[in-house]
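Novice: For the sequence shown, position 55 matches number 863 in this note's numbering, and the numbering has no gaps at all. I'd like to ask some things about the structure below.
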Amino acid sequence: MLDVTRLRVIDAVARLGSVTAAAKELHYTQPTVSHHLARLEAETGAQLLQRAGRGIRLTPRGSYWLLGQPRSSGASMPPTPNCPRT
Numbered sequence: 809m810l811d812v813t814r815l816r817v818i819d820a821v822a823r824l825g826s827v828t829a830a831a832k833e834l835h836y837t838q839p840t841v842s843h844h845l846a847r848l849e850a851e852t853g854a855q856l857l858q859r860a861g862r863g864i865r866l867t868p869r870g871s872y873w874l875l876g877q878p879r880s881s882g883a884s885m886p887p888t889p890n891c892p893r894t
């Protein structure tokens with residue numbers, strides 16, 4: 809079941825580009841944020857984030873799932889079957 813807390817976490821990570829910055833903004837520990845992200849990806853059945861060095865960003869699937877549209881230009885991407893759009 810999708811949790812509002814996990815939605816807040818992925819939103820903060822997407823905006824700030826960092827698990828550490830999101831944890832600080834949300835007053836969570838970094839492992840707690842990572843746990844919420846892992847659970848959200850498991851629940852949706854899709855890789856929503858791409859980790860690159862010390863940064864993190866939404867994958868095309870993640871931006872489609874979170875924002876309802878891909879961030880990059882190109883063809884639209886359908887949601888995964890068990891991943892409701894917000």
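Heads up, the beta-carbon is just placed ideally off N, CA and C, and yes, glycines get one too.
Between the alpha carbons of Leu866 and Arg823, how many angstroms are there, rounded?
Specialist: 9 Å
Novice: Looking only at its own chain, which residues have a Cβ that is under 6 Å from the Cβ of Val817, when we skip the five neighbours before and after it?
Specialist: Val841, His844
Novice: Alpha carbons only, please: which of Glu833, Val812, Tyr872, Gly825 is nearest the one belonging to Arg916?
Specialist: The shown model of the chain, from 809 to 894, leaves out residue 916, and the question about it has no answer.
Novice: Between the beta-carbon of Ala830 and the beta-carbon of Ala820, is there less than 7 Å?
Specialist: yes
Novice: Can you give me the start and stop residues for the alpha helix (DSSP H) that Gly870 sits inside?
Specialist: 868 to 875 is the extent of the alpha helix (DSSP H) around Gly870.
Novice: Give me the Cα-Cα distance between His835 and Val827, rounded to the nearest whole angstrom.
Specialist: Roughly 12 Å separates the two Cα atoms.
Novice: Would a C-beta distance cut-off of 7 Å place Leu848 and Arg814 closer than the cut-off?
Specialist: yes
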